[in-house]
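**Q** In UniProt numbering, the protein residues as written are 1 to 1186.
Glycine included, every Cβ here is placed at the ideal spot set by N, Cα and C.
#1: Could you tell me if residue 1001 is buried or exposed, where buried requires 16 or more neighbouring beta carbons within 10 angstroms of its beta carbon?
#2: With distance defined between alpha-carbon atoms, name the residue in 885, 897, 893 nearest to residue 1192.
#3: Using a Cβ-Cβ cut-off of 7 Å (strictly less than) and excluding sequence neighbours within five positions of residue 955, which residues of its own chain qualify?
#4: Is the stretch 782-799 close to the stretch 966-985, with three or more CB pairs under 8 Å?
#5: Evaluate residue 768 with the Cβ neighbour count: other Cβ atoms within 10 Å of its Cβ, from every protein chain shown; 16 or more gives buried, anything less gives exposed.
#6: From what residue to what residue does the alpha helix (DSSP H) around residue 428 run?
#7: Ends of the beta strand (DSSP E) at residue 187?
#8: Between the stretch 605-614 and the stretch 629-638, do at least 3 Cβ pairs fall closer than 8 Å?
#9: Taking CB distances under 8 Å as the criterion, tell me whether residue 1027 reaches chain C.
#10: Using only the alpha-carbon positions, how far apart do residue 598 and residue 982 sit?
#11: Which residue's Cα is closest to the Cα of residue 119: 1021, 130, 127, 82?
#12: In whole angstroms, what is the alpha-carbon distance linking residue 465 and residue 987?
#13: Relative to the C-alpha of residue 76, which residue among 64, 122, 493 is closest?
#14: Is it right to say residue 267 is buried, meaning 16 or more other beta carbons lie within 10 angstroms of its own, or is it exposed?
#15: Using only CA atoms, which one of 557, 545, 735, 539 lies nearest to residue 569?
#16: Please tell me whether residue 100 and residue 70 are closer than 8 Å, where the distance is taken between their beta carbons.
#17: Which residues in the same chain have their Cβ closer than 6 Å to the Cβ of residue 1192, if we skip the five residues on either side of it in sequence?
#18: Closer than 8 Å is the cut-off here; do at least three beta carbon pairs connect the stretch 1091-1109 with the stretch 179-189?
#19: If the criterion is Cβ atoms closer than 8 Å, does the pair residue 136 and residue 182 meet it?
#20: Am I right that residue 1011 and residue 1178 are in contact with their C-beta atoms under 8 Å? What's the rounded C-beta distance?
#21: Is the separation between the beta-carbon of residue 600 and that of residue 647 shorter than 8 Å?
#22: Ignoring anything shorter than 4 residues, give me the alpha helix (DSSP H) runs that lie fully in the stretch 974-1009, in order along the chain.
#23: Does residue 654 pass the burial test, meaning 16 or more other C-beta atoms within 10 Å, or should it be called exposed?
#24: Just the C-alpha distance for residue 1083 and residue 1149, rounded to the nearest angstrom, thanks.
#25: Do you know offhand how far residue 124's Cα is from residue 756's?
#26: Which of the three DSSP states is assigned to residue 808 in this structure?
#27: To the nearest whole angstrom, what separates the beta carbons of residue 973 and residue 908, a pair I think is in contact under 8 Å?
#28: Just to confirm the assignment: which complete alpha helix (DSSP H) runs, minimum length 4, are found wholly within the stretch 188-223?
#29: Candidates 715, 355, 993, 130: which alpha carbon is nearest residue 915's?
#30: Give a yes or no on contact between the stretch 772-779 and the stretch 723-739, applying the rule of three or more CB pairs nearer than 8 Å.
#31: Note down the Cα distance separating residue 522 from residue 1112, rounded to an integer number of angstroms.
#32: Helix, strand or coil, according to DSSP, for residue 1086 in the structure here?
#33: Considering Cα atoms alone, identify which of 112, 104, 72 is closest to residue 91.
#34: Tell whether a beta-carbon distance below 8 Å holds between residue 241 and residue 281.
#35: For residue 1037, count the other beta carbons within 10 Å of its own beta carbon; 16 or more makes it buried, fewer makes it exposed. Which is it?
#36: Per DSSP, which one or two residues make a beta bridge with residue 1186?
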């Protein structure tokens, strides 16, 4: 920032600073205005040197451009004329820049841009194809940074303001020599938003002569930077309390609790906060207040909070090691994110060992060398343990092993035998410390004698590592070595600190009579609970084949065949990895603090529990005792609870008598449970006793603290099918046989017999049918966006193939409901219902119906089959349609391998590649129906290849629209009004989805998307303010005259589809009042669903359906109201990547036929993402609401 009289001149750097913390930026402005003393500033010699190296990098690029093009250099003014307000120098440089550009210069170097407020100098503006200019910047970094992208957007924006036509992309010339290219459309909306906000807050401050007050609600404060930390400490803000979230702070401030001392003495409840949470925060505040009374420099006070937690400390061994990773989460290589660049450890004598990695290949080597070290150590010291602090080391060992396919079984063994010991949950659950943080650094005054030097924290380590790579890139060997040595010293100190903490905890345990635990071999218990198989030999052989061929994971040099083989190997091991990931996460939940996993999908943290029925037999046929609890609490974002699932419930000590061994310091758990949403903000939890406990009447009064995800279903038949398929692949190598699934993996266009290409005609149904009839052991993909008649199209194709060509067709999808919906449509297309069969999910009901009908019951539509009738149905000689899940088609005993002419995969945009392979073994051809722009499939595991990606998503390869060579794109939506279809099309379909005019009309309401900003603060997953707005919207809509278009005629479309008609205008149609059922309300979080449902019911609109987005997938309504609930980026659990996911917004908005309302907090757009992907996502959201 620079001052020019009463104007503040700013740069792209200031945009980034304001996005991170407006308070800190405004404190700097207050200093510049003379309102406060100058903040302390430390000169950074290394940063200066990096700047000089950046200049050298820029000079190299300039020389390379000058060798082949004409470069016009704009002289940077020595005096820009800002201080005296004349702006003479900068205006002259800007005029020279404009003149060069208007003359058609090929390259303009150091172009100056100044519009009266923004000032910047671009590295290069280069004339591109079509006579359009594009901006290039040189950066020493190895990857794109958000600040650099904002600079590019700023210069592109200036070019547009000056009237120049600019290209679609901007570019970074990185220190590696690579050029990183980015879509301007993914950056400009955020830039415009940040620029407007920055100008607003700067102008506001200039008008107010007083320094910016702490806590001013007009400005955001991150609560973490040095400027904020100073004020948090000065005002004794409750943010000082360890573990305090900004959302909790907002609730406390609303209750009048602002200072830590007020919280320490709080006895009254706080609205929206459970008694347990308030109690934990109060206890922490109390001990921190106690510390304030101690002499400066004294160690923080501490006390044993829970001696049981200390029982998790193992007996010491001379072979113990103390381990710490250093990693950069924003490292990007081969489209993979993250690099763990240093594996450091010390032994019990504090001797240090380091394993370094500067790229993914070296990361794999470092992992192998670390595991070799551990293997030798365990052989010498069987009782050794690997100590670490916090979950990073455990989770990243698992992630790296899965990423590189190295050491997975060894890491499994380390986990099964509790070799990895995380000291963080032991500290958090066992010790209360008078510190505002439980980071290792903050605990060190309790046990470390010497202080830290050099690199101070993990963020500094990452920054230093980036600087190290920049020195490496330009050949500054000595400077790189100096930075690397500093990083090693920091890492060694952390390892030694972990060693000293372990020793200190052992001493504290001894003081309260807790002895170290002897090794608890959990292998037997885990194997009893965890049905994990050994890796299939086919997987091992395929990996060996790839290794022998020198093929590396995600290598850009791989051929399509090598990629397919790599995907095939990962698919064979897919279900084992998924199950393994679940179980390790489950056992981590038994040990780690609740707040570490409370936001995991499928978790429900219980606040209150009331006994509705105590232990008793639930009915005359019940064989074991059970009880029913009515509970309230908080569900993690994205969670859905099915009454027929069996989730786990977790108990803190003192434990109920559940039976079975429990790891020392861990929680108890069982899964003899059902859990159902009552729809009124409460949930019904039913627990059953085990047979052994029932036999001895071992009931208990304890109530669980949380409900956690159920174990994954048995994938035996799926894994068997993929392995069988893989064996055939392996036996044929190096040749690849013609196969539909392989063609998908290879991203090969469909293989046809006699036709030169896919049939393209006006009638898409006839075109798909003709192409399928000529298909040679391959696939065809059909992308059907919302309301385009995907089910209608698919059902007509299937009915024709069965009726006129005698084909045997299977229909598979993720759920029974989706399959049955397609079967209904096939019967509706005119196929004899006796030729359309499926075994329903409810086998008992199906058996009863079939028994009454002699084995197969043709209900109102398709035929319900019992288990005995299935073989006869699938073995009949003529054509038929048989529906089922992937388990159905993977089971050779149900559907013989290759016996079907066609398998139709419905919802293939949510059907993983692994599932596609598993089901594909039943047929010779595949038809993929779906939309990869809808909700993605949920995967738990980490896989070395993207076999968890959907089949359609894999083919689309990041494009909004399926490439034409792979199949068909249904481009006409028969659901959405054109005004509503347009923003959906731009958001998700590259502007290529169009809408057919229908006869619908809602009087008094404009069609389209209506953003409804509602400003609020402190809300995370539920917003009363947005709930009130939803009620207001519903009240204004219900009863309006609605012409639904039913019964009208007009242009051809998917006739017969509900509400999808042709001619424009409501002429001749009778209106009806818009009913509650014609409106749906979509929310991302269960807490908001419950709040909105309650508010609507209280207002007399209880008939309006309210649910999460997956509840309404495949449905439609006249009006959709979307409420996002969260106040701002810092309030969002699981991050804005979840909340603003384009697929999620697409599904929610596109449910509507006439209008959609998007209710949101404007603060959701007032932040700067930390990743390129997040930047694009936020830009897309801004495009929707502004």
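**A** Working from what's here:
#1: Here residue 1001 corresponds to residue number 1001 of the chain shown, with the count starting at 1. Buried: at least 16 other Cβ atoms inside 10 Å.
#2: An answer regarding residue 1192 cannot be provided, because it is not within the stretch 1 to 1186 covered by the chain.
#3: Stepping through the chain shown from its first residue, residue 955 is reached at position 955. Result list for residue 955: 744, 747, 781, 962, 966, in chain order.
#4: Segment contact: the stretch 782-799 against the stretch 966-985, three or more CB-CB distances shorter than 8 Å; contact assigned.
#5: Residue mapping note: residue 768 aligns to position 768 of the chain shown, counting from 1. With 16 or more neighbouring CB atoms inside 10 Å of its own CB, residue 768 falls in the buried class.
#6: As a first step, residue 428 is located in the chain shown; it is residue number 428 there, counting from the start. Its alpha helix (DSSP H) spans residues 423-430.
#7: Working through the chain shown from its first residue, we reach residue 187 at position 187. Run containing residue 187: none; DSSP gives neither H nor E here.
#8: These segments touch.
#9: Although the question refers to chain C, the structure presented lacks it and comprises just one protein chain.
#10: As a working note, residue 598 is residue 598 in the chain shown. As a working note, residue 982 is residue 982 in the chain shown. Going from the Cα of residue 598 to the Cα of residue 982 covers about 38 Å.
#11: On the chain shown, position 119 is the one that residue 119 refers to. Ranked by Cα distance from residue 119, the options 1021, 130, 127, 82 are led by 82.
#12: To locate residue 465, count along the chain shown from 1; it is residue 465. To locate residue 987, count along the chain shown from 1; it is residue 987. Near 37 Å, if we compare the C-alpha coordinates of residue 987 and residue 465.
#13: The residue you call residue 76 lines up with position 76 of the chain shown. Closest by alpha carbon: 122.
#14: Position 267 of the chain shown, counting from 1, holds the residue named residue 267. Label assigned to residue 267: exposed.
#15: In the chain shown, the residue the question calls residue 569 occupies position 569. Out of 557, 545, 735, 539, 539 has the C-alpha closest to the C-alpha of residue 569.
#16: For the purposes of this step, residue 100 is taken as the residue at position 100 of the chain shown. For the purposes of this step, residue 70 is taken as the residue at position 70 of the chain shown. Between residue 100 and residue 70, the CB-CB gap reaches or exceeds 8 Å.
#17: Nothing in the structure corresponds to residue 1192, since the chain is present only between 1 and 1186.
#18: Fewer than three Cβ pairs drawn from the stretch 1091-1109 and the stretch 179-189 lie within less than 8 Å of each other, which leaves the two stretches out of contact.
#19: Within the chain shown, numbered from 1, the residue matching residue 136 stands at position 136. Within the chain shown, numbered from 1, the residue matching residue 182 stands at position 182. No, Cβ-Cβ distance for residue 136 and residue 182 is not below 8 Å.
#20: By one-based count along the chain shown, residue 1011 stands at place 1011. By one-based count along the chain shown, residue 1178 stands at place 1178. The Cβ separation is near 15 Å, so there is no contact.
#21: Sequence index remark: in the chain shown, residue 600 carries index 600 (1-based). Sequence index remark: in the chain shown, residue 647 carries index 647 (1-based). No, the pair does not count as a contact, with Cβ atoms beyond the cut-off.
#22: As far as the stretch 974-1009 is concerned, its whole alpha helix (DSSP H) runs of at least 4 residues are 978-988.
#23: Here residue 654 corresponds to residue number 654 of the chain shown, with the count starting at 1. With fewer than 16 other Cβ atoms within 10 Å, it is exposed.
#24: Mapped onto the chain shown, residue 1083 falls at position 1083. Mapped onto the chain shown, residue 1149 falls at position 1149. Residue 1083 and residue 1149 have their C-alpha atoms some 11 Å from each other.
#25: On the chain shown, position 124 is the one that residue 124 refers to. On the chain shown, position 756 is the one that residue 756 refers to. Rounded to the nearest angstrom, the two C-alpha atoms are 47 Å apart.
#26: By 1-based counting over the chain shown, the position of residue 808 is 808. Of the three classes helix, strand and coil, the one that applies to residue 808 here is strand, per DSSP.
#27: Counting from 1 along the chain shown, the entry for residue 973 is found at position 973. Counting from 1 along the chain shown, the entry for residue 908 is found at position 908. A Cβ-Cβ separation of about 19 Å leaves residue 973 out of contact with residue 908 under the 8 Å criterion.
#28: If we require 4 residues or more, the alpha helix (DSSP H) runs fully inside the stretch 188-223 come out as 188-207.
#29: Taking the first residue of the chain shown as position 1, residue 915 is located at position 915. It is 715 whose Cα lies nearest to the Cα of residue 915.
#30: Verdict: yes, contact present.
#31: Numbered from 1 along the chain shown, position 522 holds the residue referred to as residue 522. Numbered from 1 along the chain shown, position 1112 holds the residue referred to as residue 1112. Confidence at residue 522 is low in this model, with a pLDDT of 48, below 50, so the placement of that residue is unreliable and no value is reported for it.
#32: As a position in the chain shown, residue 1086 is number 1086, starting the count at 1. It is helical.
#33: Along the chain shown, read from residue 1 onward, the residue named residue 91 stands at position 91. Looking at the Cα atoms, 112 is the closest of the given residues.
#34: On the chain shown, position 241 is the one that residue 241 refers to. On the chain shown, position 281 is the one that residue 281 refers to. Judged by their CB atoms, residue 241 and residue 281 are nearer to each other than the 8 Å cut-off.
#35: Within the chain shown, the letter at position 1037 stands for residue 1037. Residue burial annotation: residue 1037 is buried, with at least 16 other C-beta atoms found within 10 angstroms of its C-beta.
#36: On the chain shown, position 1186 is the one that residue 1186 refers to. Note: residue 1186 sits in no beta bridge, so no partner.
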